[in-house]
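Undergrad: Pasting in a structure now, in structure tokens, and then I'll have a few things to ask.
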Amino acid sequence: MGSSTKSTYKIGMVMDPIQNIKPHKDSTLAIMLAAQERHAVLFYMEQDDLYIKDDIAYALVHPITVFDDPAHWFTKGQPEIMALSGLDAILMRKDPPVDKRFLHSCLVLDHAQRHGVHVVNNPASLILYNEKILATHFPAFCPPYVITSSLTVLRDFLEQHDTIIIKPLDAMGGQGVFLVHHNDVNFEVIWEMHTERGTYPVQAQAFIPEITLGDKRIIVIDGKPFPHTLVRLPKNGSIRGNLTAGGSYDVRPLNERELEIATVVGKRLVQEGILFAGLDVIGDYLTEVNITSPTGLREIAKATGESLADILMAKIMNPSSGQSG
10 MGSSTKSTYK IGMVMDPIQN IKPHKDSTLA IMLAAQERHA VLFYMEQDDL
60 YIKDDIAYAL VHPITVFDDP AHWFTKGQPE IMALSGLDAI LMRKDPPVDK
110 RFLHSCLVLD HAQRHGVHVV NNPASLILYN EKILATHFPA FCPPYVITSS
160 LTVLRDFLEQ HDTIIIKPLD AMGGQGVFLV HHNDVNFEVI WEMHTERGTY
210 PVQAQAFIPE ITLGDKRIIV IDGKPFPHTL VRLPKNGSIR GNLTAGGSYD
260 VRPLNERELE IATVVGKRLV QEGILFAGLD VIGDYLTEVN ITSPTGLREI
310 AKATGESLAD ILMAKIMNPS SGQSG
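Reading the sequence shown from the start, the letters are residues 10 to 334 in our numbering.
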């Protein structure tokens, strides 16, 4: 890490185009505002701005100032080429899909991390772990599932469980999620579309009826679960609670099962260098471990009065101190 003092702490943000975000609900903007409140200097970049030249990781960056104003939420300075080693920390906040571009960006960030920059989350873990498959590393908490590209295996799983959820491995926000019943006439069409006729695997899970009560997002920072969960409630007749899919939300205290799941998973996340994660829980089951670009910070802060973005920035900028930094 560089020798910057707290007043000159430099943070790079790799994210989707900032002009396209929804500022009133965007978690990345909340994180940037919290960093700015702590007197960090911010540098904005998109994944195509990252590159390696002669063993040095660089980016075309824009100095950026952000505002908590839905009409005017950022001002960018003139672009400049910067060696990433000149930053104290970089947050990888590019939304899925986790495609080749995403993985190549993580390779550049991994190079920067090996040269002393603190990257959140650990790029090696972002490369290694798929968010849906990572949840299956905790079998005691998972619903019955199968990951396959085989029509036969998928059909057998459907016959075993009668009603299942099929979803792509690399999407987000409820995109591409299908509820499939036994003898569904569209079953093979869904298989063809999601696997490209057996080329790529999908995940199928046994249907969890408790989805009608909400899909819960538990925020974990430095291995510790925040004591309230964001409960995303599906629209009537829908199976998707994701806010991007039109659901509403509530914020509630964690129950005993949710705390158990988050505590066990949190210990593993620390080992993998995953400082910031969002666990998705339906009923008593862990369904995903979001490590690429977890969201929900604004909604939880609005309900509880506690800024998870500031808790996160305290851990990044002052890792040996308490949450308040």
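The C-beta atom is built at its ideal place from N, Cα and C for all residues, glycine as well.
1. In its own chain, which residues sit with a C-beta less than 8 Å from the C-beta of Y67, not counting the 5 before and 5 after it?
2. Taking all protein chains shown into account, do 16 or more other C-beta atoms lie within 10 angstroms of the C-beta of Y209, making it buried, or fewer, making it exposed?
3. Which residue comes first and which comes last in the alpha helix (DSSP H) that contains L118?
4. Ends of the beta strand (DSSP E) at E89?
5. For I40, which of helix, strand or coil comes out of DSSP?
6. If contacts are defined as beta-carbon pairs under 8 Å, then F196 and V189 qualify, I think. What distance do you get, rounded to the angstrom?
7. Taking the straight line between their C-alpha atoms, what separation do you get for R337 and H237?
8. Return the chain-ordered list of same chain residues with a C-beta closer than 7 Å to the C-beta of F285, the five sequence neighbours on each side being excluded.
9. Between the C-alpha atoms of C151 and D289, what's the straight-line distance to the nearest angstrom?
10. To which residues of the same chain is E219 closer than 7 Å at the C-beta, ignoring the five residues directly before and after it?
11. On a Cα-Cα basis, can you pick out the residue from I175, I228, K233 and D224 that is closest to V211?
12. So Q214 and T296 are in contact, right, with Cβ under 8 Å, and what is the actual spacing, rounded?
13. By the three-class DSSP mapping on this structure, what secondary structure does S257 have?
14. Measure the C-alpha to C-alpha separation of D104 and Q87 and round it to an integer number of angstroms.
15. Mapping DSSP to helix, strand and coil, what is K31?
16. Give the DSSP-derived three-state secondary structure of L178 in the structure shown.
17. Could you check which residue in D63, L163, E269 and T172 has the C-alpha nearest to that of H120?
18. Please say whether T172 and H203 have beta carbons closer to each other than 8 Å?
19. Expressed to the nearest angstrom, what Euclidean distance is found between the alpha-carbon atoms of K34 and L306?
20. Around the C-beta of G287, are 16 or more other C-beta atoms found within 10 angstroms, so that it is buried, or is it exposed?
21. Considering only C-alpha positions, which residue in the set R266, P153 and E46 is nearest to I217?
22. Would L317 and I325 qualify as a contact pair, given that the criterion is a beta-carbon distance under 8 Å?
23. Report yes or no: do three or more beta-carbon pairs, one from the segment 17-25 and one from the segment 41-60, lie closer than 8 Å?
24. So what's P106 in DSSP terms, helix, strand or just coil?
25. Could you check where the beta strand (DSSP E) with A66 kicks off and where it finishes?
26. Please list the terminal residues of the continuous alpha helix (DSSP H) segment that includes R266.
27. Given a cut-off of 8 Å, decide if L143 and P132 are closer than it, judged by their beta-carbon atoms.
TA: Here's the rundown:
1. L59, Y60, I61, I90, M91, A92 and L93
2. exposed
3. K109 to R123
4. E89 to A92
5. helix
6. 6 Å
7. Since the first and last residues shown for the chain are 10 and 334, residue 337 lies out of range.
8. V129, N130, I230, P303 and L321
9. 11 Å
10. I291 and G292
11. I175
12. 7 Å
13. strand
14. 25 Å
15. coil
16. coil
17. D63
18. no
19. 8 Å
20. buried
21. P153
22. no
23. yes
24. coil
25. I65 to V75
26. E265 to Q280
27. no
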